[in-house]
Amino acid sequence: MLNTKKKPLYREKGIPLSGSEKFLSGFAYAAMALLSLIAILPCLHVISKAVSNGPDVTAGNVYFWPVGFQLETVKYVLTQTSFFTALKNSLIVTGAGTLLSLFTTITTAYPLSKPGFKGRRVVSLLYVISMVFFGGMIPAYMVVRSLGLLDTYAACILPFAIVQFNMFIVKNYFESLPESVEESARIDGAGDLRTLVSIVCPMSKPVIATVGLLYAINYWNNYFHAMMYTRSPDMNTLQVYLYNIINNSQDFIQNLASNNYMANITSEGMVAAAVTLSIIPIVALYPFVARFMVQGITIGSVKG
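Under the numbering used here, the final residue of the sequence shown carries the number 306; numbering is consecutive throughout.
What follows is the structure, encoded as C-alpha cells:
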C-alpha cells in the first residue's frame, strides 16, 4: 500500500516543526517577500521609465514594465560630458573616502577593543556623545572654509572620515576574536601594528567588508556635503548632477526641440535614466560583499 501521509517539515537537526513554528516561519517568509517587493518595485518603475517611449512616460502609462522600449534617453544622458565629470568625482570621493574611513575606523576600534588601553571608557564615551550631539551646520561650514577645503574632494570626504556607529561595530567584532591568537603572535615577537595587519584584519574580513560597503554607500549617496561645500560645476558629484537635472530638466528638453529624437526624450525619462545609471556601480559592488554582510553586522553588534 502506498504511503500517502505527508512528510513533516524538519529543522536541520531533524526535529519536526510545531504548528506555531510553521505559522511563524510562513509569516516571516511572507513579510520578507513583502519587504522585497517594497524595495524592488520602485527600482523597476524607475528603470522602466528610463527605457520607455517618451509620450507613454508623460501620459503615466509606465509602471513596472517598459512601454515602447527605447534607449534614446539613456544614450542622450551618456553623451553629456557633465554626467561623466560627476561620475568621475563620485568615484574619486567614494574610493578615497572609503579607504580613509576604513583606515581611521580600524585604527580607532583596535585599541578601544583592548581592556588594557588606558582611557578607553572615556574615549568610547566621547564617541557616544558625538553620536547624539552635533556642532551644527554653520560651524561645520566655517571650519571647512577656514581650512581652505571648499571646492575640494577633501570637503566631501573628511566629514565622514569616521562614523561612530561603524567604529563600534568593528570594535565589538575585534572584542569577539579569541585572545589566544593575538597572544601567540606576541610570543612570536609581533608588535601591535604587525598583529593588527597580519592577524586581526585577515580574521575580520566580514566586518571590514560590511563596514566598507556602508561607507561606500554613504559616500556615493551623499548629497548634502557636496552641495554645501562645492560650487564649481567641475566638482559636482552624481547626486548634485541628479539634483540639477531634476530642477532644470525642462531646460534640457527645450534645447532638444530641434532634434529628431525629441519625441522620445522627456524630463521624467531623463531623470529616470540618470538615476538608473547612477545606481549601477553600487549594485555591481554589492554581490562581492553580500556574503559578509549578515555575519559582519550580527557579530559586531552583539556587545554594546
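Yeah, the Cβ is synthetic: ideal placement off N, Cα and C, and Gly gets one too.
Excluding sequence positions up to five away, which residues of its chain have a Cβ less than 7 Å from the Cβ of Ala111?
Numbered from its first residue, the sequence shown carries residue 111 at position 109. Cβ neighbours of Ala111 beyond the five flanking positions: Met169, Val172, Lys173, Phe176.
Helix, strand or coil at Trp67 [DSSP, three-state]:
Mapped onto the sequence shown, residue 67 falls at position 65. Coil.
Which same chain residues, not among the five before or five after Leu179, have their C-beta less than 8 Å away from its C-beta?
Residue 179 sits at position 177 when you count from the first residue of the sequence shown. Here the set comprises Val202, Met205, Ser206.
When the Cα of Met133 is compared with those of Pro208, Glu181, Gln166, which residue comes out closest?
The residue labelled residue 133 in the question sits at position 131 within the sequence shown. Ranking the options by Cα distance to Met133, first place goes to Gln166.
May I ask you to report which of helix, strand or coil DSSP gives Leu4?
Walking along the sequence shown from the start, residue 4 turns up at place 2. Here the model assigns Leu4 a pLDDT of 46, short of 50, so the residue's position is not dependable, and the following value carries that caveat. Three-state DSSP puts Leu4 in coil, outside helix and strand.
What do you reckon, are the CB atoms on Ala52 and Thr87 nearer than 8 Å?
Counting from 1 along the sequence shown, the entry for residue 52 is found at position 50. Counting from 1 along the sequence shown, the entry for residue 87 is found at position 85. Cβ distance not < 8 Å, so Ala52 and Thr87 don't count as in contact.
Since I believe Val213 is in contact with Met229 (beta carbons under 8 Å), could you give me their beta-carbon distance rounded to a whole number of angstroms?
Your numbering for residue 229 matches position 227 in the sequence shown. Your numbering for residue 213 matches position 211 in the sequence shown. Actually they do not touch by this definition, with Cβ atoms about 25 Å apart.
Going by C-alpha distance, which of Trp67, Pro161, Gly137 is nearest Leu102?
As a first step, residue 102 must be located in the sequence shown, where it is residue number 100. Measuring from the Cα of Leu102, the nearest candidate turns out to be Pro161.
Thr239, enclosing alpha helix (DSSP H) - first and last residue
Here residue 239 refers to the residue found at position 237 of the sequence shown. If you look at Thr239, you'll find it isn't in any alpha helix (DSSP H); DSSP assigns it neither H nor E.
Consult DSSP for Ile40 and reduce its assignment to one of helix, strand or coil.
To locate residue 40, count along the sequence shown from 1; it is residue 38. Helix.
Within 8 Å, strictly: CB atoms of Ala157 and Thr232:
Residue numbering aside, residue 157 sits at position 155 when the sequence shown is read from its first letter. Residue numbering aside, residue 232 sits at position 230 when the sequence shown is read from its first letter. In this structure, Thr232 lies closer than 8 Å to Ala157 by Cβ.
Cβ contact check for the region 134–142 and the region 182–192: 3 or more pairs under 8 Å:
no
Are the CB atoms of Leu215 and Leu287 nearer to each other than 8 Å?
Mapped onto the sequence shown, residue 215 falls at position 213. Mapped onto the sequence shown, residue 287 falls at position 285. It is a contact, given that the beta carbons lie within the stated cut-off.
By a C-beta neighbour count over all protein chains shown, 10 Å radius and 16 as the cutoff for buried, is Thr268 buried or exposed?
As a first step, residue 268 must be located in the sequence shown, where it is residue number 266. Under this definition Thr268 is a buried residue.
Val95 and Tyr31 look like a contact to me (Cβ under 8 Å); what is the Cβ gap, rounded to whole Å?
By 1-based counting over the sequence shown, the position of residue 95 is 93. By 1-based counting over the sequence shown, the position of residue 31 is 29. With 8 Å as the limit, Val95 and Tyr31 do not qualify as a contact, their Cβ atoms being about 39 Å apart.
Sequence-distant residues of its chain with Cβ nearer than 6 Å to Ser234 (five each side left out)
Within the sequence shown, the letter at position 232 stands for residue 234. Cβ within range, chain order: Asp153.
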